[in-house]
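Participant: Numbering (numbering that gives the first Met the number 0), first residue to last: 0 to 64. For reference, the structure I am asking about is given below.
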Amino acid sequence: MIRARDWLAQAERDLEHAKWSAERGHHAWACFAAQQSGEKAVKAALNALGREARGHGIMELLVTA
């Protein structure tokens, strides 16, 4: 469960960075940070459920979980 909290904390930081970047017109970086946030949030949820979270695509993580 501790690892799930780590993943979620990083997801929240990435989302804040995405918002900050978007507000300043750095849209490509905002999109990347938002995707990273989503990926880490999914990994947090899977980890909290006791499942191994390997990979980088959100859909891949959801389908293989």
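Ideal Cβ positions, reconstructed from N, Cα and C, are used throughout, including at glycine. Only a predicted model underlies this, so the values are computations on that prediction, with no experimental measurement involved.
Could you say which of Gln-34, Arg-50, Asn-46 lies nearest to Gly-56 if we only look at CA atoms?
Facilitator: When only C-alpha atoms are compared, the closest one is Gln-34.
Participant: Beta-carbon separation of Ala-43 and Ala-10 under 8 Å?
Facilitator: Yes, these two residues count as a Cβ contact at 8 Å.
Participant: Measuring CB to CB, does Ser-36 end up less than 8 Å from Asp-13?
Facilitator: Yes. Within cutoff.
Participant: Within the continuous alpha helix (DSSP H) that includes Leu-7, where are the two ends?
Facilitator: Looking at the DSSP string, the run of the alpha helix (DSSP H) that includes Leu-7 is 1-22.
Participant: Counting only the same chain and skipping the five closest in sequence on each side, list residues whose C-beta sits under 8 Å from that of Leu-61.
Facilitator: Taken in chain order, the residues that qualify are Val-41.
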